[in-house]
Amino acid sequence: MDKIKFKEELAKHNIILTEKMEEQFQMYFDMLVYYNKVMDLTAVKDEDIYERHFFDSLTIAFDNDFSNCSLCDVGAGAGFPSIPLKIIFPSMKLTIIDPLTKRMDFLRLVIAKLHLENVELKIMRSEDASRVNRECYDIVTARAVARLNILLEIVSQMVKVNGLLIAMKGKKAQEELLEASKAMKICNMELVKESNIASSCNLFFKKTGSIILRYPRNYSQIKQKPL
């Protein structure tokens, strides 16, 4: 998928790119290609970036308007899905959490180059962020971060009651859903929508109530004995 096909496919889902947005995506693409040579940001080939990173990130916006919301992207890596979403919804208040400094250094460059405003970067582990950001965000996103039963415990505390957790999964989404039934109950997360596009599966969870303060546990406990 090149940038022309990218624009055409988004238009089919009522996402219309302005000239400024097109320029921002092109700058982002150029930076990914350039810095990936020295920072190992993504294993995706250059010619696949528009499809496997940009387009895939925006699939969660096909039926959702993220304007003016507070969104936290957990384990964003090189900025997915958060940076593409921010380009499309510039009024979004965005927080990006990732433990690796080199990734955040890259994202600082991207944010400055693309003139993105109201973006906060937090270099920390997700479970640590959950303990100090309880019920802070309208939406939390996570793309290929951890198995669902682990992910729910790590990030659910950050979601506001009646807010959304969007877990972007692959071919094993149904297997992970079955595995996470207990975690969904403990974390008060109700699956409200599931969308399948190509090999991706986006799971939308609504938080139905507050979670007891003992969660999330330390990561060693979570990994040793998942919910």
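Counting from -15, one number per residue, gives the positions in the sequence shown under this note's numbering.
Using N, Cα and C, we set each Cβ at its ideal position, and we do this for glycine too.
Since this is a predicted model, take the numbers as computed values, not measurements.
Beta-bridge analysis with DSSP links R127 to M152. One thing to note: I123 has its Cβ within 8 Å of the Cβ of L148. A151 has its alpha-carbon roughly 24 Å from the corresponding atom of I0.
Taken in chain order, the whole alpha helix (DSSP H) runs of length 4 or more contained in the stretch 167 to 194 number zero. Contact between M76 and L55 holds, since their C-beta atoms are separated by about 6 Å, short of 8 Å. Between V58 and S110 a beta carbon distance of about 5 Å is seen, short of the 8 Å cut, so the two are scored as contacting. By the Cβ criterion, the stretch 82 to 94 is not in contact with the stretch 160 to 174, since fewer than three pairs of Cβ atoms, one from each stretch, lie closer than 8 Å. The straight-line gap separating the alpha-carbon atoms of N117 and N180 is approximately 30 Å. Selection A130, I107, K(-13), M173 evaluated against E7 yields K(-13) as nearest (Cα-Cα).
If you keep only unbroken beta strand (DSSP E) runs of at least 3 residues inside the stretch 30 to 65, you get 54 to 58. Membership of I81 in the beta strand (DSSP E) is indicated by the continuous run 77 to 82. A Cβ-Cβ contact shorter than 8 Å links L42 with L(-6). When DSSP reads this structure, V103 sits in a beta bridge with L78.
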